[in-house]
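Student: Numbering (my numbering), first residue to last: 6 to 162.
Think of the CB as a built atom: it goes at the ideal place given N, C-alpha and C, for glycine as much as any other residue.
Computed from a predicted structure; not experimentally measured.
Next up is a structure, given as structure tokens.
This is the structure:
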């Protein structure tokens, strides 16, 4: 079970995204230099603070799997636990084996705290092999530090 001791600041609330949020979601995703091609507001959860979008993240569905992606906290709201809260919340919403890919060792260690462990492309369900395989090709060709991870409920540091 996930430790829920992290809470949102009192002026913040989590909710499913609405169609009106898509511009703010795109802006957040662009600011983090993440892939902007798979942004469907219906897959997103957002944290709103003081009437503004402070964080977003999505759960995308694939055959037999889900992907946690596009998790971004606005610069002005970082280091207040929003990313931790949203990550835990999305893990709880997942109904299928949960995967993600992240750039850099710092993000990989962030997700390890929640029970994500690195996996190889060969270990992925068929529905994710092509999608994540492309990033592994970029990792090989351009030395981009991409890590594929799977949530393991029984492994939390």
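Considering only residues of the same chain and omitting the five flanking positions on each side of residue 8, which have a CB-CB separation below 6 Å?
Tutor: Against the chain shown, residue 8 aligns to sequence position 3. Unreliable placement is indicated for residue 8, whose pLDDT of 46 sits below 50; the coordinate value is still reported in the next sentence. So no residue of the chain qualifies.
Student: Consult DSSP for residue 75 and reduce its assignment to one of helix, strand or coil.
Tutor: Within the chain shown, the letter at position 70 stands for residue 75. Strand, per DSSP.
Student: Give me whichever residues DSSP pairs with residue 64 in a beta bridge.
Tutor: Along the chain shown, read from residue 1 onward, the residue named residue 64 stands at position 59. 73.
Student: Within its chain, find whatever has a CB closer than 6 Å to the CB of residue 5; leave out the 5 residues flanking it on each side and keep chain order.
Tutor: Nothing about residue 5 can be reported from this structure: the residues present for the chain run from 6 to 162 only.
Student: My assumption, with CB atoms under 8 Å, is that residue 22 sits in contact with residue 61. Please give the rounded CB distance.
Tutor: Position 17 of the chain shown, counted from the first residue, corresponds to residue 22. Position 56 of the chain shown, counted from the first residue, corresponds to residue 61. Indeed, because the Cβ distance is near 7 Å, the residues count as touching under 8 Å.
Student: Of all the CB atoms in chain C, is at least one closer than 7 Å to the CB of residue 71?
Tutor: Included in the structure is just one protein chain, with no chain C present.
Student: May I ask which residues mark the beginning and end of the alpha helix (DSSP H) holding residue 34?
Tutor: What you label residue 34 is simply residue 29 of the chain shown in a count that begins at 1. Where residue 34 is concerned, the enclosing alpha helix (DSSP H) stretches over 27-36.
Student: Within the continuous alpha helix (DSSP H) that includes residue 111, where are the two ends?
Tutor: Mapped onto the chain shown, residue 111 falls at position 106. Here the alpha helix (DSSP H) through residue 111 covers 110-117.
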